[in-house]
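Chains as they are written, first to last, in the numbering used here: chain A, 982 to 1155; chain B, 18 to 268.
Even for Gly, the Cβ is constructed at its ideal location relative to N, Cα and C.
Just so you know, these numbers come straight off a predicted model, no measurement behind them.
One structure is given below, encoded as structure tokens.
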Amino acid sequence: MATEATGGSEHAVGMPQLDFSTWPNQIFWLLVTLVVIYFVLSKVALPRIGAVLADRKSTITNDLAAAEELKAKAVAAEKAYNEALANARTEAAKIVAQAKAEIQKDLDAATAKADAEIAAKAAESERTIAEIRDGAAQAVAEVARDVAAELVAALGQAADAKTVTAAVTARLKG
Amino acid sequence: MATEEHGSGLAIHPMDQFVVKPLFGDGPIEWYTPTNVTLWMGIAVLAMVALLVLSTRRRAIVPSRGQSVAELFYGFIHKMVEDVAGHEGLKFFPYIMTLFMFVFLSNMLGLIPMSFTTTSHIAVTAVLALLVFLTVTLVGFYRKGIGFLSMFWVSSAPLVLRPILAVIELISYFVRPLSHSIRLGGNLMAGHAVIKVFAGFAGAMGIASVVPIAAIAAIYGLELLVAAVQAYVFTILTCVYLRDAVGDAHH
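Next comes the structure, spelled out in structure tokens:
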């Protein structure tokens, strides 16, 4: 294994891996490297990353708990809202029913009053009509009697008022 | 390698990329010489700092993109250690994270053209695997005392078979660092060498070089997968071995 021939443009002879003259050099620098990496990792990098991961874990756990709490609050709020809504509905229904009943009562009273007035007016009208009818019948009888008496007189007969009246009355009834 | 035909013909030197060179000058490589190994390991350290330290500077509850990636790495390895090595294994989380970040970043940086892949060297992977082996063995004996040896005595097997199984288990235990290191180094070395060979073809084939170039693109995609998977495999095997040392149940 020619060590001194590895300087310039010379080519490797055999496997450089088995050139044992370079082993102390490689082993020395490897140990230096490993010690440096070990100290950087164990003193700085690993504790730092471990702390960050632990922090994140606890943050996430806390956030999850908070989210759970908020969710429960939201559910409670929704329940309260629904309850209030239902209460308002029943209240509204009650008010509507009450108003309806009142209106119905007023309506009934007004209807009854109107009915009574209409009945009174109708009765009066009927009486007036009856009066008019009676008046008309009397007038017809009078006219008939007069016409009958005139007719009898025109036929040359003496007209007995009494007889004429009786006859006319009998005819009017017939 | 008899490809010393300078100038004409195929001159493919797939192993050149693995040569360890001094960064400054041509001098001999002493143990302290800053080499390309130093450079690329340093870049890996910087990449690790950028990925895991700078990106998490703001410590945001809602992470930025960079911080998400850092958290992804952290969570991935943390879960792996906890699932495979057990809760006791979490004490070794920084250690395993170190191995994973080094192997993963070295593999990925090695895929940059003209770069040097530190994890393709047996010297590096062997040290990594030996560190795991020694850690597991020492921790096992420290925590369980002589009882650590009971993992070689398979109590669920018939008594006659137990000595034979013990020998097999013992051999497999000592082969672990070998397979652990060669699996990683071999995979990376082979992939990079294959890419280099195809690149050599592309230079020599003229218009027909679209074929090797397409092959390079395909192998590069595969190498990206290999780089990530080998880092994963190295780490999860470390966790599996660690379970022997810290876990209650064995096998």
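Does chain B have any CB closer than 8 Å to the CB of residue i?
i	result
Val1077 (chain A)	no
Val1056 (chain A)	no
Ala1046 (chain A)	no
Thr1071 (chain A)	no
Thr1003 (chain A)	yes
Asn1043 (chain A)	no
Asn1006 (chain A)	yes
Ala1035 (chain A)	no
Pro997 (chain A)	yes
Leu1066 (chain A)	no
His992 (chain A)	yes
Ala1074 (chain A)	no
Leu1051 (chain A)	no
Ala1026 (chain A)	yes
Output the boundary residues of the alpha helix (DSSP H) element that contains residue i.
i	result
Arg179 (chain B)	Arg179 to Ala221
Thr1109 (chain A)	Leu1027 to Ala1135
Trp1004 (chain A)	Trp1004 to Val1021
Met125 (chain B)	Phe110 to Gly127
Gln84 (chain B)	Arg82 to Met97
Ile233 (chain B)	Val227 to Val263
Val149 (chain B)	Ile139 to Lys161
Lys1154 (chain A)	Ala1142 to Lys1154
Which residues of chain E have a Cβ atom closer than 8 Å to the Cβ of residue i, listed in chain order?
i	result
Tyr112 (chain B)	No chain E is present in this structure, whose protein chains are A and B.
Using the beta-carbon count (16 or more within 10 Å), is residue i buried or exposed?
i	result
His104 (chain B)	exposed
Ile139 (chain B)	buried
Arg1114 (chain A)	exposed
Glu240 (chain B)	buried
Val54 (chain B)	buried
Ser81 (chain B)	exposed
Ile113 (chain B)	buried
Thr1071 (chain A)	exposed
Pro229 (chain B)	buried
Val153 (chain B)	buried
Phe1020 (chain A)	exposed
Tyr258 (chain B)	buried
Asp1127 (chain A)	exposed
Leu242 (chain B)	exposed
Ala1053 (chain A)	exposed
Phe191 (chain B)	exposed
Asp261 (chain B)	buried
Ala1068 (chain A)	Just to set this straight, residue 1068 (chain A) is Asn in the shown sequence, not Ala. Result: exposed.
Ala1135 (chain A)	exposed
Asn1006 (chain A)	buried
With a threshold of 6 Å on Cβ separation, who are the neighbours of residue i within its own chain once the five nearest residues in sequence on each side are excluded?
i	result
Thr73 (chain B)	Gln84 and Ala87
Leu1051 (chain A)	none
Leu205 (chain B)	Thr134, Thr136 and Ser137
Ala143 (chain B)	Ser198
Ala1093 (chain A)	none
Are any of the Cβ atoms in chain A nearer than 8 Å to that of residue i?
i	result
Glu47 (chain B)	yes
Phe119 (chain B)	yes
Asp33 (chain B)	yes
Arg76 (chain B)	yes
Ile139 (chain B)	yes
Met206 (chain B)	yes
Met18 (chain B)	Summary for Met18 (chain B): the model assigns pLDDT 41, below 50, so the residue's position carries little reliability; its value from the coordinates is reported in the next sentence. Interface residue, yes.
Ala174 (chain B)	no
Met58 (chain B)	yes
Gly217 (chain B)	no
Ile36 (chain B)	One point to set straight first is that residue 36 (chain B) is Val, not Ile, in the sequence displayed. Yes, Val36 (chain B) lies at the interface with chain A (some Cβ there is under 8 Å from its Cβ).
Gly223 (chain B)	no
Leu69 (chain B)	yes
Gln87 (chain B)	Looking at the sequence itself, residue 87 (chain B) is Ala, so the reference to Gln does not match. True, the Cβ-Cβ gap to chain A drops below 8 Å.
Ala146 (chain B)	no
His30 (chain B)	yes
Tyr91 (chain B)	yes
Ala61 (chain B)	yes
Val255 (chain B)	The question names Val, yet the displayed sequence has Thr at residue 255 (chain B). Not an interface residue.
Val54 (chain B)	yes
Give every residue of the same chain whose Cβ lies closer than 8 Å to the Cβ of residue i, excluding the five residues on either side of it in the sequence, and list them in chain order.
i	result
Ala1125 (chain A)	Val1149, Arg1152 and Leu1153
Leu107 (chain B)	His95, Val98 and Glu99
Phe41 (chain B)	Pro51
Ala1047 (chain A)	none
Short of 7 Å in beta carbon distance, which residues of its chain neighbour residue i, apart from the five on each side in sequence? Order them along the chain.
i	result
Glu22 (chain B)	Only weak support exists for where Glu22 (chain B) lies, its pLDDT of 43 falling under 50; the coordinates are left without a value.
Ala1032 (chain A)	none
Gly989 (chain A)	Its pLDDT being 43, under 50, Gly989 (chain A) is placed unreliably by the model, and the measurement read from it follows with that caveat. Taken in chain order, the list of residues that qualify is empty.
Start-end ranges of the alpha helix (DSSP H) lying completely within the region 25–79 of chain B, minimum 4 residues
53–65
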